[in-house]
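Chains as they are written, first to last, in my numbering: chain A, 85 to 748; chain B, 773 to 993. Structure record follows, encoded as structure tokens.
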């Protein structure tokens with residue numbers, strides 16, 4: 085079995101692995117746990133936390149559906165209903181969708197590119213704790229009946245000081261800022277890891293498609309998130325006593341529409357930030373379960389990049405109901421339709437891959453097939469909404485709610501569940517139950533369509549979103565009841581999923597290194613991987629390392645066993661460049677996040693939080709910076725990079741462009 | 773997948789290896805991950821300033837005169853342009869600070885400890901002078917942040933840039949203290965070179981913001 089050979093070479097059973105083990109272990113105890121900077125620890129914490137938020141926000145959705153089940157229902161009043169849909173949307177977008185996509189990136193990118201940890205391990209830990217702080221802030225506020233109530237995009241003037249007194253909107257804004265910090269941190273980690281720490285020979289045209297998807301997403305995060313952080317900075321400044329700026333106050337030259345522009349300049353790329361990683365999951369799963377190289381690697385990558393660019397030119401289609409120039413609207417209609425092209429190309433490539441392979445219909449592939457169906461449906465209504473005239477008719481109705489749940493759940497959550505079934509064996513060493521997985525899929529698929537398909541009709545009949553009840557004369561009761569039943573079916577299917585995960589964690593079948601016969605590098609090592617991932621770093625000669633006789637490739641040796649060291653390679657061709665010492669475990673990221681979290685809570689109440697937090701930040705950061713070198717290093721000169729190759733040094737012929745032969 | 777056993781690197785045979793033990797243990801330029809991390813940080817910061825700058829021009833369209841006349845004082849100021857002298861002095865201070873920072877990061881390549889210590893200290897002192905001047909500079913804006921949207925956005929631009937000035941002073945200040953007390957090692961040489969890039973960026977973007985806040989209103993009349 086090749087899998088065992090590679091697992092023995094790269095894993096903790098090897099001689100090198102036993103040498104590396106002590107330095108990569110985390111310290112015992114709760115402090116050691118909090119201080120861990122291993123990307124797998126951090127990513128799994130992200131995934132678990134994000135799924136908990138997913139469950140909580142799902143419960144809110146079920147409460148809302150219960151209220152809407154019949155006309156003039158008295159289950160939930162308007163004030164609580166406003167909090168419910170705001171916290172549901174905010175949680176799903178900021179605390180579930182973006183973090184969990186980046187979490188899979190943080191777990192998988194270092195494994196897929198064949199390195200030992202992300203580029204800045206301490207920063208990574210900081211990102212997680214800050215995210216947790218932001219999430220807790222929102223949910224504690226909701227439990228104290230001060231949950232935000234102005235919708236997940238909190239438009240001014242409704243969210244301004246005049247119409248939303250109290251602290252609810254401030255809590256929303258500060259939560260957004262906090263979680264965006266964590267999103268930006270993760271984005272930087274993913275890009276630098278993918279650009280600098282790839283396995284020797286893994287040139288840019290050979291990296292797995294999921295890594296490409298993560299890189300494109302991360303670049304989108306980097307250019308989109310600062311916009312929402314500006315908006316979520318302006319808004320509390322307008323609202324805060326003693327500050328009282330006038331950014332969104334028309335009486336003093338401010339502009340309410342500016343808020344919408346800034347928000348959607350982030351908000352539309354956000355949709356693709358959630359969707360693009362999902363396409364990465366789909367590409368990986370389709371490749372593995374078709375048992376053949378993906379059809380159209382290059383078009384797939386170019387589509388991702390094109391989506392990344394076009395995604396920034398669409399934001400105004402959220403604002404077609406505002407007084408904007410017709411010329412501008414026409415432009416954004418055009419670009420909104422344009423983005424269907426790269427998405428279409430991807431769908432065709434996946435179908436062609438399945439067509440040309442011998443698909444094995446396991447649970448992950450089932451989710452992907454569900455995704456293709458639903459995403460195409462959601463894409464159709466998307467093209468409809470891109471047209472100004474239709475958009476004006478259905479603006480703020482349940483039609484829009486139906487559309488974006490089709491693209492977000494159909495386009496992202498389905499691939500996400502597929503990815504979870506696919507990589508769970510790698511993360512835990514055990515398989516999830518296939519039977520429970522199929523029940524989960526079919527109930528979710530049926531429940532989803534029962535819930536959201538009727539909403540198209542409700543929207544076309546004029547039912548507005550974000551309204552806590554409706555009168556019987558509208559005739560919407562039956563359709564609404566159907567949607568509510570669907571929501572309960574989805575709830576049951578998620579319950580099956582949770583039970584499956586908890587059971588399989590302990591009692592699932594042992595997975596082994598490569599249960600799916602997948603081609604990418606993470607399957608070359610044991611499940612779960614050693615703390616250092618790869619004892620000897622692998623080298624690759626093509627896109628599908630494990631299908632191309634990885635065991636024949638040279639391995640990289642000579643990295644330190646005394647400190648946490650990785651190999652940096654050149655960005656384009658992945659030729660070895662220099663060694664790079666990663667920082668070790670530390671409690672400082674946790675402390676810094678604690679200060680940051682406390683700051684954003686205090687900032688809800690007083691601007692004096694700024695100077696106090698600044699002092700605390702400097703103290704913690706000074707401790708962080710004050711890290712000496714762990715051991716003296718030899719001085720080196722700049723010329724060292726350009727030194728001639730010594731005669732006995734191995735020739736690195738791994739960058740050759742010759743198409744590698746696929747061994748099946 | 774059984775063909776492998778006959779080749780070197782299969783079962784029982786030692787695999788071919790690439791030994792990287794002799795490779796450099798640190799990179800001082802764009803080859804370093806930290807350099808990339810810093811470059812991406814600057815992308816984030818630049819996008820944020822782009823939003824601020826766009827907002828500035830967006831508010832401009834809501835006003836007949838930019839800046840609006842100040843009518844809550846007597847006599848009213850018809851053209852309350854932000855005052856130039858202090859701001860210009862501060863710009864010069866920042867531009868001059870580029871020189872020692874450049875010298876410090878070049879000295880890192882030669883591992884010239886004394887040169888790094890002295891040049892970085894001069895740079896940080898100039899940075900601190902600029903911070904102090906900036907606190908005074910807010911008065912040059914004539915309006916307060918809570919007077920109108922013009923006041924809000926100009927105060928915010930100055931304030932956010934001030935935040936960056938302070939961050940860069942703290943960062944380079946700590947590093948300079950480190951080099952004075954513990955000497956220059958590889959890691960800190962690399963860090964000083966990377967933070968120098970940050971320093972150039974903070975000064976560079978200010979050249980544009982200075983033009984935007986102080987000269988643009990004069991040029992459009």
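Cβ atoms here follow ideal geometry from the backbone N, Cα and C, with glycine treated the same way.
Residue i (DSSP reduced to helix, strand or coil)
| i | result |
| --- | --- |
| residue 617(A) | strand |
| residue 849(B) | strand |
| residue 514(A) | strand |
| residue 975(B) | helix |
| residue 548(A) | strand |
| residue 378(A) | coil |
| residue 230(A) | coil |
| residue 660(A) | strand |
| residue 481(A) | strand |
| residue 890(B) | helix |
| residue 836(B) | coil |
| residue 334(A) | helix |
| residue 718(A) | Any answer about residue 718(A) is weak, because its pLDDT of 40 lies below 50 and its placement is not dependable; what the coordinates show is given next. Three-state DSSP puts residue 718(A) in coil, outside helix and strand. |
| residue 947(B) | helix |
| residue 993(B) | coil |
| residue 403(A) | coil |
| residue 425(A) | helix |
| residue 837(A) | The structure shown has nothing for residue 837(A), since chain A only spans 85 to 748. |
| residue 632(A) | coil |
| residue 206(A) | helix |
| residue 1000(B) | Residue 1000(B) lies beyond the stretch modelled for chain B, which goes from 773 to 993, so this question has no answer here. |
According to DSSP, residues forming a beta bridge with residue i
| i | result |
| --- | --- |
| residue 641(A) | 791(B) |
| residue 665(A) | 649(A) |
| residue 939(B) | Answer by DSSP bridge pairing: none, since residue 939(B) is not bridged. |
| residue 590(A) | Answer is none; residue 590(A) lacks a bridge partner. |
| residue 842(B) | 849(B) |
| residue 871(B) | Residue 871(B) is not bridged to any residue. |
| residue 623(A) | 284(A) |
Sequence-distant residues of its chain with Cβ nearer than 7 Å to residue i (five each side left out)
| i | result |
| --- | --- |
| residue 840(B) | 920, 922 |
| residue 834(A) | Residue 834(A) cannot be examined here, being either before or after the span of chain A that is shown, 85 to 748. |
| residue 713(A) | Summary for residue 713(A): the model assigns pLDDT 46, below 50, so the residue's position carries little reliability, and this model does not support an answer. |
| residue 891(B) | 872, 875, 876, 879 |
| residue 137(A) | 175, 179, 180, 219 |
| residue 290(A) | 624, 626, 627 |
Nonlocal neighbours in the same chain, by C-beta distance under 6 Å from residue i, ignoring five residues either side
| i | result |
| --- | --- |
| residue 505(A) | 447, 448, 516, 521 |
| residue 181(A) | 358 |
| residue 398(A) | 352, 419, 420 |
| residue 160(A) | 151 |
| residue 321(A) | 327, 329 |
Cβ distance (whole Å) where residue i is taken to contact residue j below 8 Å
| i | j | result |
| --- | --- | --- |
| residue 677(A) | residue 213(A) | 3 Å |
| residue 574(A) | residue 535(A) | 6 Å |
| residue 226(A) | residue 171(A) | 5 Å |
| residue 821(B) | residue 977(B) | 6 Å |
| residue 302(A) | residue 271(A) | 4 Å |
| residue 388(A) | residue 423(A) | With 8 Å as the limit, residue 388(A) and residue 423(A) do not qualify as a contact, their Cβ atoms being about 12 Å apart. |
| residue 691(A) | residue 324(A) | 6 Å |
| residue 211(A) | residue 269(A) | 3 Å |
Cβ-based neighbour list, residue i, same chain, cut-off 8 Å, excluding 5 preceding and 5 following
| i | result |
| --- | --- |
| residue 925(B) | 824, 827, 828, 831 |
| residue 474(A) | 468 |
Within chain D, partners of residue i - CB distance below 8 Å
| i | result |
| --- | --- |
| residue 812(B) | Chain labels in this structure do not include chain D; the protein chains are A and B. |
For the segment 786-797 of chain B, which residues have a CB atom closer than 8 Å to at least one CB atom of chain A, in sequence order?
Interface annotation for the segment 786-797 of chain B against chain A: 787, 788, 789, 790, 791, 792, 793, 794, 795, 796, 797, criterion Cβ-Cβ distance under 8 Å.
For the segment 824-853 of chain B, which residues have a CB atom closer than 9 Å to at least one CB atom of chain A, in sequence order?
Legend: CB atoms of the segment 824-853 of chain B lying less than 9 Å from CB atoms of chain A belong to residues 824, 826, 827, 830, 831, 833, 834, 835, 840.
Relative to chain B, which residues along the segment 255-286 of chain A have a C-beta separation below 7 Å, given in chain order?
Residues passing the 7 Å Cβ filter: 268, 272, 275, 276, 279, 280, 284.
At a Cβ cut of 8 Å, what residues of the segment 942-959 of chain B count as close to chain A, listed as they run along the chain?
Cβ contacts with chain A come from 942, 943, 946, 947, 950, 954, 957, 958, 959.
Short of 9 Å Cβ to Cβ, which residues in the segment 916-931 of chain B face chain A?
Considering only beta carbons, the part of the segment 916-931 of chain B lying closer than 9 Å to chain A consists of 917, 918, 919, 920, 921, 922, 923, 924, 925, 927, 928, in chain order.
Please name the residues in the segment 334-347 of chain A whose beta-carbon is closer than 7 Å to at least one beta-carbon of chain B, in chain order.
Result list: 336, 337, 338, 339, 342, 346.
The segment 664-679 of chain A: which residues have C-beta closer than 8 Å to a C-beta of chain B, in chain order?
Answer in chain order: 664, 665.
Can you give me, in chain order, the residues of the segment 288-300 of chain A that have a beta carbon less than 9 Å from any beta carbon in chain B?
Among the residues of the segment 288-300 of chain A, none has a Cβ less than 9 Å away from any Cβ of chain B.
Got a sec: which bits of the segment 199-216 of chain A sit with their beta carbon under 7 Å from any beta carbon on chain B, in order along the chain?
From the segment 199-216 of chain A, only 203, 204 have a Cβ closer than 7 Å to chain B.
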